[in-house]
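Numbering (my numbering), first residue to last: 22 to 90.
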């Protein structure tokens, strides 16, 4: 599979597979396919920012606890 840019899609990218097992048809899947983001209306960029910020907060909290703060 290859990641192909697709500007008309919400996330701007799509997986594309051209194996002969697909009987000559091109199989295309969203980068969200079969993930927890598949039905979300929130962009992947916003999800990634949220996950990153949550991880940073958690790291700060655990570092503070280890230092006794």
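Heads up, the beta-carbon is just placed ideally off N, CA and C, and yes, glycines get one too.
Every value quoted in this text rests on a predicted model; they were computed, and no experiment measured them.
If you reduce the DSSP assignment to three classes, tell me which class residue i lands in.
i: residue 52; result: coil
i: residue 63; result: coil
i: residue 58; result: coil
i: residue 74; result: helix
Tell me which same chain residues have a C-beta within less than 6 angstroms of the C-beta of residue i, skipping the five on either side of it?
i: residue 48; result: 38
i: residue 52; result: 32, 34
Among all the DSSP beta bridges, which residues are the ones paired with residue i?
i: residue 36; result: 24, 50
Round the Cβ separation of residue i and residue j to the nearest angstrom and send it over; I've been treating them as touching at under 8 angstroms.
i: residue 50; j: residue 35; result: 7 angstroms
i: residue 32; j: residue 64; result: 7 angstroms
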